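Asker:
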Amino acid sequence: MSRPSAAPTGEPAPVLLEVSDLKLQFGGLMAVDGLNLRIHQGEIVSVIGPNGAGKTSAFNCVTGFYRPTAGSIHFRGQPVTGRRPSAITRLGMARTFQNLRLFSDMSILDNVKTGLHTDLRQSWFDAFLHTPRFRRSETLCAQMARAWLDFVGFKGDPEAYVSALPYGEQRRVEIARALATSPALLLLDEPAAGLNHSEKRQLIELIRRIQALGVSIGLIEHDMGLVMDISERIVVLNYGKEIADGPPAAIRADPLVIEAYLGAAESEPAVEPEEAS
Amino acid sequence: MALIPRRPRPPALLRPPVDLVQPLGRRFDWRGPRAPLRLIGLLAVVGVFVLPFLNASTYLMQILTSAYIYVMLAMGLNVVVGYAGLLDLGYIAFFAVGAYTSGIATTRLGLSQVQAIPLVIVVCVLAGIVIGGPTLRLRSDYLAIVTLGFGEIIRVTANNLSVTGGPAGIYAIPGWQFFGWRLRDGFSLGGLRFNGQVTFYYFVALIVTVLGVLGISQIARGRLGRAWKAVRDDEDAAEAMGINTYLAKITAYIIGAVWAGLAGQLMATQQSAISPPSFQFLHSALILMAVVLGGMGSTPGVIVGALFISLAPEFLRGVADWRYLIFGLLLILVMIFRPAGLWPASAVLPWSRDRRRAAETAPPPPPESPSSPAAAADRGPTADGPTSAPASPEREVRP
Amino acid sequence: MIQVIVNGLSVGAFYALVALGYSMVYGIIKLLNFAHGDIYMLGAYVGFVVLGALTSWLSLPTALGLVLVTLVTMALTGGAGVLLERVAYRPIRHAPRLSLLITAVGLSFALEYGVRQIFGPQPSHFPVQIDAGSVHLFGATITIARIVVILVAAGLMVVLALFVAKTRQGRAMRAIALDAKAARLMGIDVDRTISLVFFIGSALAGAAGVLAGAVYGTIDFLMGFIIGIKAFTAAVIGGIGNLYGAMLGGVALGLLESFGVAWLGGQWRDVFSFLCLILFLTFRPTGILGGRVQERM
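Residue numbers (my numbering), protein chains in the order written: chain S, 297 to 573; chain H, 786 to 1184; chain Y, 29 to 325.
(1) Any C-beta of chain H within less than 8 Å: which residues of the segment 266-290 of chain Y qualify?
(2) Put Glu516 (chain S) into one of helix, strand or coil per three-state DSSP.
(3) Would you verify that the beta carbon of Met326 (chain S) is, or is not, closer than 8 Å to some beta carbon of chain H?
(4) Output yes if chain Y places a C-beta closer than 8 Å to the C-beta of Ser925 (chain H); else output no.
(5) Mind listing which residues of the segment 1105-1136 of chain H have their C-beta closer than 9 Å to chain S's C-betas, in chain order?
(6) Skipping 5 residues on each side, what residues in its chain have a beta carbon closer than 8 Å to that of Glu140 (chain Y)?
(7) Would you mind telling me which residues of chain H sit closer than 8 Å to Tyr397 (chain Y), beta carbon to beta carbon, in chain order?
(8) Would you report the Cα separation of Arg1123 (chain H) and Gly345 (chain S), rounded to the nearest angstrom?
(9) Between Ile1035 (chain H) and the rest of its own chain, which residues show a CB-CB distance below 6 Å, the 5 nearest in sequence each way excluded?
(10) Between which residues of its own chain and Val34 (chain Y) is the CB-CB distance below 7 Å, once the five residues before and five after are set aside?
(11) Classify Phe153 (chain Y): buried if its beta carbon has 16 or more other beta carbons within 10 angstroms, exposed otherwise.
(12) Does the beta-carbon of Ala41 (chain Y) have 16 or more other beta-carbons within 10 angstroms, so that it is buried, or is it exposed?
(13) What are the residues that DSSP puts in a beta bridge with Asn534 (chain S)?
(14) Would you kindly work out how many angstroms separate the C-alpha atoms of Asn1029 (chain H) and Glu501 (chain S), rounded to a whole number?
(15) Report the neighbours of Ile1004 (chain H) on chain S: residues whose CB is nearer than 7 Å to its CB, in chain order.
(16) Who are the neighbours of Thr385 (chain S) on chain H, taking C-beta pairs under 9 Å?
(17) Run through the DSSP bridge pairs and tell me what Ser223 (chain Y) is partnered with.
(18) Do you know whose CA, among Y:Gly107, Y:Leu206, Y:Met29, Y:Val187, lies nearest Met275 (chain Y)'s CA?
(19) Along the beta strand (DSSP E) that carries His370 (chain S), what are the first and last residues, could you check?
(20) Does any residue of chain S have a CB that is nearer than 8 Å to the CB of Leu799 (chain H)?
(21) By Cβ distance below 8 Å, which residues in the same chain neighbour Ala1143 (chain H) in space, the five residues on each side in sequence not counted?
(22) Please decide whether Thr352 (chain S) counts as near chain H, where near means a Cβ-Cβ distance under 8 Å.
(23) State the CB to CB distance for the pair Cys357 (chain S) and Val328 (chain S), rounded to an integer number of angstroms; the pair is presumed to be in contact (CB under 8 Å).
(24) Starting from Ile120 (chain Y), find everything on chain H with Cβ-Cβ shorter than 8 Å and list it in chain order.
(25) From which residue to which residue does the alpha helix (DSSP H) around Val864 (chain H) run?
(26) Out of curiosity, what's the CA-to-CA distance linking Ser1154 (chain H) and Gln418 (chain S)?
(27) Give, in chain order, every residue of the segment 429-445 of chain S whose Cβ lies closer than 8 Å to some Cβ of chain H.
(28) So what does DSSP say about Arg529 (chain S), is it helix, strand or coil?
(29) Over what stretch of residues does the beta strand (DSSP E) that includes Ser342 (chain S) continue unbroken?
(30) Report yes if the C-beta distance between Ala480 (chain S) and Ala441 (chain S) is below 8 Å; otherwise report no.
(31) Taking contact to mean at least 3 C-beta pairs separated by less than 8 Å, is the segment 286-297 of chain Y in contact with the segment 94-110 of chain Y?
(32) Tell me where the alpha helix (DSSP H) around Thr485 (chain S) begins and ends.
(33) Once you ignore the five residues that flank Arg386 (chain S) on each side, which residues in its own chain have a CB closer than 7 Å to its CB?
(34) Just to confirm, is the Cβ distance from Ala349 (chain S) to Leu331 (chain S) under 8 Å?
(35) Have a look at Val553 (chain S) and Ile539 (chain S) and give me their C-alpha separation to the nearest angstrom.
(36) Let's test the definition: count the other Cβ atoms within 10 Å of the Cβ of Thr359 (chain S) and tell me whether it reaches 16, buried, or not, exposed.
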């Protein structure tokens, strides 16, 4: 059931996500200013850019958390602009959050189980009466959740509460939770932030394994090593605008990108108005 | 570039690359860490069923019946506040809606109490939709104040309409009748004489409450319950999981309303008369206190909290006047020092904690199959099987 | 007609005074301070006690006495507001919102029943009443008391508006309301400013309490409950968090209610205004003066 990854030769894989001319305005600030983005099936695409370039805002529009000021978003051929985030998730788009947002008063296993919400065939009335269907679906749910935890390499007590976990493990749980929603496209918002070197290596390996399941991946990341290593294509944003789009080698040599990063390094604002949500 | 054809769901359910078996989970798990708790619950239920055979004084029966009605109310509010994280300060309004619906249906429309049950449920669902529909889209603190206003609206309306009997309320509400069988005159069993009416209401209230408690705690453990808790912990992340948070919230609200309505019907039949002063804000606040003091989202905590709040006037006779002040202060203290309540949802009983520790110090099982499907299947239906620690060297250092 | 409008204005003045505290606290720490209505009640009782003490010690003309009592009460309830924030809200300011709301309910309960334990459940009679007769204007009878209420409230609101607009502390309040983290980085003492907001809000509610005692004559321990909800309604109608919105909302609610009573009868007064609240929340949750904003995650 693995979907083909973007083949370097032959006809290109179908388009999964198509963002055209996306604009998002916060008061006077143009957070995203005319973004065009296309993610094909099976592809790993990174979105990079200096702090405040509008990466997370763009993600939030795509996943339905922000209502874009203008532009359109199509996912798997359907317009999703202005739909509820949950409806978009149900279409097969999952995401993680920049600043880890696990359910803190639920066990790790229950966190992953919430990801299976849309796939469970049980009504609250089944639960009320404790029907065989309810028990079967709960058993399956627990198994799937444990299997996803295994898949992301989580080795700990799944019954423990999230707050007891080290940071790196919480990242894993969040990815397991997103995978449990059964996505065709997984959007990862700075998954390597705060990870040490060996954890980053494991993350790269995990992202490759997710791709091998047939899931396309959109990645926001600051760690250039990681981005250059795994991306098949990189999109560079600056001031809400796309300034480059191409394979890693081309991006590395792009003078506009170099200028954006060096320029930003000199005059980087102390407060990041957009990223520090 | 061909676009993928329109489809409601991804082509296939994405599955982790392991084999999954689907056995039917066990009905009840008497070995898991929750087993001692279940045993205590079972003993308590048996205890309260046997109690009237030991002492069936009118006084005891009446205060306990009222206490069960409180437990029913607190379980319903627990869904709204404890699971879904929505503050409802006018919860008593649904209690009033249930009580008045049953009162009007039986005294004005000539239905029997049993026939009134579906009507009570329907009216409460409608009331829940009317009040929750517009406000649940907003921030949760708006809901708090709107429900506060709603509580007053219902009370003032009941006070002013003629169909509700105005300030005098409705009286002579008929009692329960099952298939023409009713216990008006009392009965003797095993040489004991029961005051029929009172004892009968005791059993009706007890049965409804036990069902109410079990039902809520089952729902809370399933898909909907997880959705509620997810919404409570982080609404955005819950949306990202595909949970329609608005639907989850309104379901919680409606279920809470129905539970309160049924409690209201119990109250109407027990007292056989209802009037507006029984539905003041004070009572909404008391039920909230029961839930918060006991432990939001914790079934045993909420039961204990409801029993404490409703029976407090009986065992705090000397300081009865002070109790509301004490409750208010307790609420603040609990929020500051023990926000999860006195019996938190995450509580582990001492002996099962010992089991947990024993499992940790035990030599790790072979690392080949930390969580093979077979092992997963063994863990029981609700996956709260015995701690199930996969082998890991990290577990040794973690507390 | 004129009668209805003046009645509405005088009731609206109470709502506006209490709504200001609600709205300011909400604006600065996003907390619905349920205990705020009870601060109003506390103000009435503090005024009651202070007035009793003053009249037994020295004999002042009523008007001067009332002014003095109002000022003392404002200082005391303001202090009480600061104390409550310090003891109950500050320790859990960063806890989940639900905890804060529940604490506020507990506080409200403790205040109500604490006062009940001291003064008893029966209403107390305010020793002094503004009873200077009434004037006739365009065919309406308007008591002097109502005019005093409207003038005092207007005066207090002008002072507050000037304070927030012109002073350093006022600027700090607006800065924190916009972005507490950035304000702290800019060197604003956030804790002190929050205390100040609680002081001002509580002092205004206290003043309203004394006025209510002096106008209506009786006070009781539950008098703050309904006005608390009404004041919140006023704050929502005007646009919560917005100072001028609270003033406008108070007056608007007072007028709406006044017309509602004239139309439906007095027993439906509360139902009518809560229905207004629900309608506003449904169709325009940001109120008259609130703008539509994209909520950030």
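Positions of the beta carbon are idealized from the N, C-alpha and C atoms, including for glycine. In this text the structure is predicted, and so the values were computed from the model without any measurement.
Answerer: On the basis of the coordinates in this document:
(1) none
(2) Start at 1 with the first residue of the first sequence, and residue 516 (chain S) comes out as number 220. According to the sequence provided, residue 516 (chain S) is Ile. The question's Glu does not apply to it. Strand.
(3) What you label residue 326 (chain S) is simply residue 30 of the first sequence in a count that begins at 1. Judged by the 8 Å Cβ criterion, Met326 (chain S) is not in contact with chain H.
(4) On the second sequence, residue 925 (chain H) is found 140 positions in, with the first residue counted as 1. Yes, its Cβ sits closer than 8 Å to a Cβ of chain Y.
(5) Ala1125, Ala1130, Ser1131
(6) Here residue 140 (chain Y) refers to the residue found at position 112 when the third sequence is read from its first residue. Asp66, Met69, Phe249, Leu250, Gly252, Phe253.
(7) Absent from the model: residue 397 (chain Y). The displayed extent of chain Y is 29 to 325, so no value can be given.
(8) Counting from one through the second sequence, the residue named residue 1123 (chain H) turns up at place 338. Counting from one through the first sequence, the residue named residue 345 (chain S) turns up at place 49. Those two C-alpha atoms are separated by around 44 Å.
(9) For the purposes of this step, residue 1035 (chain H) is taken as residue 250 along the second sequence, with counting starting at 1. Only Gly917, Leu921 meet the Cβ criterion.
(10) For this step, residue 34 (chain Y) is matched to residue 6 along the third sequence. Contacts found: Ala168, Ile170, Arg174.
(11) If you number the third sequence from 1, residue 153 (chain Y) lands on position 125. A quick correction: the sequence has His, not Phe, at residue 153 (chain Y). Burial call: exposed.
(12) As a working note, residue 41 (chain Y) is residue 13 in the third sequence. With 16 or more Cβ atoms within 10 Å of its Cβ, Ala41 (chain Y) is classed as buried.
(13) Start at 1 with the first residue of the first sequence, and residue 534 (chain S) comes out as number 238. S:Lys537, per the DSSP bridge assignment.
(14) Taking the first residue of the second sequence as 1, we reach residue 1029 (chain H) at position 244. Taking the first residue of the first sequence as 1, we reach residue 501 (chain S) at position 205. Going from the Cα of Asn1029 (chain H) to the Cα of Glu501 (chain S) covers about 33 Å.
(15) Residue mapping note: residue 1004 (chain H) aligns to position 219 of the second sequence, counting from 1. In chain order: Trp420, Ala423, Phe424.
(16) Residue numbering aside, residue 385 (chain S) sits at position 89 when the first sequence is read from its first letter. Residues of chain H passing the Cβ test: Glu1024, Ala1025, Met1026, Gly1027, Ile1028.
(17) Position 195 of the third sequence, counting from 1, holds the residue named residue 223 (chain Y). According to DSSP, Ser223 (chain Y) bridges with nothing at all.
(18) Indexing the third sequence from 1 puts residue 275 (chain Y) at position 247. The shortest C-alpha separation from Met275 (chain Y) is found at Y:Val187.
(19) Counted from its first residue, the first sequence places residue 370 (chain S) at position 74. It spans 366-371 - the beta strand (DSSP E) in which His370 (chain S) sits, taken as one unbroken run.
(20) Taking the second sequence and counting its residues from 1, one reaches residue 799 (chain H) at position 14. Cβ-Cβ to chain S under 8 Å: yes for Leu799 (chain H).
(21) By one-based count along the second sequence, residue 1143 (chain H) stands at place 358. Annotation note: pLDDT 38 at Ala1143 (chain H) (below 50); position unreliable, no value reported.
(22) The count along the first sequence starts at 1 and reaches residue 352 (chain S) at position 56. Taking Cβ atoms only, chain H never reaches closer than 8 Å to Thr352 (chain S), which makes this a no.
(23) Position 61 of the first sequence, counted from the start, is the residue given in the question as residue 357 (chain S). Position 32 of the first sequence, counted from the start, is the residue given in the question as residue 328 (chain S). Right, the Cβ-Cβ distance comes to about 7 Å (below 8 Å), so this counts as a contact.
(24) The sequence position of residue 120 (chain Y) within the third sequence is 92, counting from 1. By Cβ distance, chain H contributes Met1120, Ile1121, Pro1124.
(25) Position 79 of the second sequence holds residue 864 (chain H). Premise fails: Val864 (chain H) is in no alpha helix (DSSP H) and is neither H nor E.
(26) By one-based count along the second sequence, residue 1154 (chain H) stands at place 369. By one-based count along the first sequence, residue 418 (chain S) stands at place 122. Low per-residue confidence applies at Ser1154 (chain H): pLDDT is 36, beneath 50, and the placement is therefore not dependable enough to give any value.
(27) Phe430, Arg431, Arg432, Ser433, Glu434, Thr435, Leu436, Cys437, Ala438, Gln439, Met440, Ala441, Arg442, Ala443, Trp444, Leu445
(28) Translated into the one-based positions of the first sequence, residue 529 (chain S) becomes position 233. Three-state result, Arg529 (chain S): strand.
(29) As a position in the first sequence, residue 342 (chain S) is number 46, starting the count at 1. Where Ser342 (chain S) is concerned, the enclosing beta strand (DSSP E) stretches over 340-344.
(30) As a first step, residue 480 (chain S) is located in the first sequence; it is residue number 184 there, counting from the start. As a first step, residue 441 (chain S) is located in the first sequence; it is residue number 145 there, counting from the start. No.
(31) no
(32) Here the question's residue 485 (chain S) lines up with position 189 in the first sequence. Residue identity differs from the one stated: residue 485 (chain S) is Asp in this sequence, not Thr. Looking at the DSSP string, Asp485 (chain S) is not in any alpha helix (DSSP H); the run it does join, the beta strand (DSSP E), is 481-485.
(33) Reading the first sequence from its first residue, position 90 is the one you call residue 386 (chain S). Excluding residues within five positions, the ones whose Cβ falls inside 7 Å are Thr414.
(34) One-based indexing of the first sequence puts residue 349 (chain S) at position 53. One-based indexing of the first sequence puts residue 331 (chain S) at position 35. For Ala349 (chain S) and Leu331 (chain S), no; Cβs fall outside 8 Å.
(35) Numbered from 1 along the first sequence, position 257 holds the residue referred to as residue 553 (chain S). Numbered from 1 along the first sequence, position 243 holds the residue referred to as residue 539 (chain S). Taking the straight line from one Cα to the other gives about 7 Å.
(36) For the purposes of this step, residue 359 (chain S) is identified with residue 63 of the first sequence, where counting begins at 1. Counting Cβ neighbours within 10 Å, Thr359 (chain S) comes out buried, since at least 16 surround it.
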